[in-house]
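Visitor:
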Amino acid sequence: MSSPPAAVVQQRPSPHADPAQRTGAQIVWEVLAREGVDVVFGYPGGAIMPAYDAMPAYPIRHVLVRHEQGAAHMADGYARASGKVGVAIATSGPGATNLVTGIATAMMDSSPIVCITGQVPSSALGSDAFQETDITGITLPITKHNYLVTRAEDVAPALHEAFFIARSGRPGPVLVDITKDAQQGLARLEAPPPSRALRRRPIPTPT
């Protein structure tokens, strides 16, 4: 005679849990959705895996490229064709450096793209950790601005600012480098900032 099935114990959320709290990885996708992003171009790797693990819960299409350079160029082409900000995603080290040519192209041609890269945990920064590369330093001359995010609570502000900078004034590329522990950490997701009127291209003053 077979034994009765074991009772399934369901985990209930803690009554003290903050419903506005998310992981940094979840915040990445929620901010992208708020910014009107419907497609991203990327290639996964170790330092960006927390973000990729969170991705299926969000209605954003992911185009898997064969090489990160393709992700940057596709984000650039998407921005030119759609008038929206293109998004490229890559991991740390060689994944991030493979974006450089596409970022430089977007800078020269005033194309608004946001590149999101994974980075080694903040405790390992500056230690020559596996696939650690100073991508913010490398891309400083070829971006309008870039960020190194080491805390989950800074993910949303950095990404919202990145989109604003990418599409305002003379459009161009912005890079947001997010450490692995910032993606895994928890933070409150606040209400989005007030929308600001943005122009795709500067409008000259009539003469």
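Under our numbering, the first residue of the sequence shown is numbered 38, with each subsequent residue one higher.
Beta carbons are placed, not taken as given, at the ideal position from N, Cα and C, and that holds for glycine.
On a predicted model such as this, the values are computed, not experimentally measured, just so you know.
1) Flag this pair as touching only if the stretch 211-218 and the stretch 148-164 have three or more C-beta atom pairs under 8 angstroms; answer yes or no.
2) Does DSSP put Pro56 in a helix, a strand or coil?
3) What's the gap between the Cα of Asp198 and the Cα of Thr142?
4) Whole angstroms are fine: how far does the CA of Val65 sit from the CA of Ala161?
5) Using DSSP's beta-bridge definition, name the partner residues of Pro210.
6) Glu72 and Phe200 - do their beta-carbons sit closer together than 8 angstroms?
7) Near Gln63, what residues of its chain come up, given a Cβ to Cβ distance below 7 angstroms and the 5 sequence neighbours on each side ignored?
8) Going by C-alpha distance, which of Pro149, Val76 and Ala127 is nearest Asp113?
Guide: In short:
1) yes
2) Numbered from 1 along the sequence shown, position 19 holds the residue referred to as residue 56. Residue state, collapsed to three classes: coil.
3) Here residue 198 is taken as the residue at index 161 of the sequence shown, counted from 1. Here residue 142 is taken as the residue at index 105 of the sequence shown, counted from 1. The question names Asp, yet the displayed sequence has Glu at residue 198. If I take the Cα positions, the gap works out to 21 angstroms.
4) As a working note, residue 161 is residue 124 in the sequence shown. As a working note, residue 65 is residue 28 in the sequence shown. Looking at the two C-alpha atoms, the distance is approximately 22 angstroms.
5) Along the sequence shown, read from residue 1 onward, the residue named residue 210 stands at position 173. DSSP output for Pro210 lists Ile150 as bridge partner(s).
6) As a first step, residue 200 must be located in the sequence shown, where it is residue number 163. As a first step, residue 72 must be located in the sequence shown, where it is residue number 35. Their beta carbons are under 8 angstroms apart, which means Phe200 touches Glu72 by this criterion.
7) Stepping through the sequence shown from its first residue, residue 63 is reached at position 26. These residues qualify, in order along the chain: Ala91.
8) For the purposes of this step, residue 113 is identified with residue 76 of the sequence shown, where counting begins at 1. The option with the nearest alpha carbon to Asp113 is Pro149.
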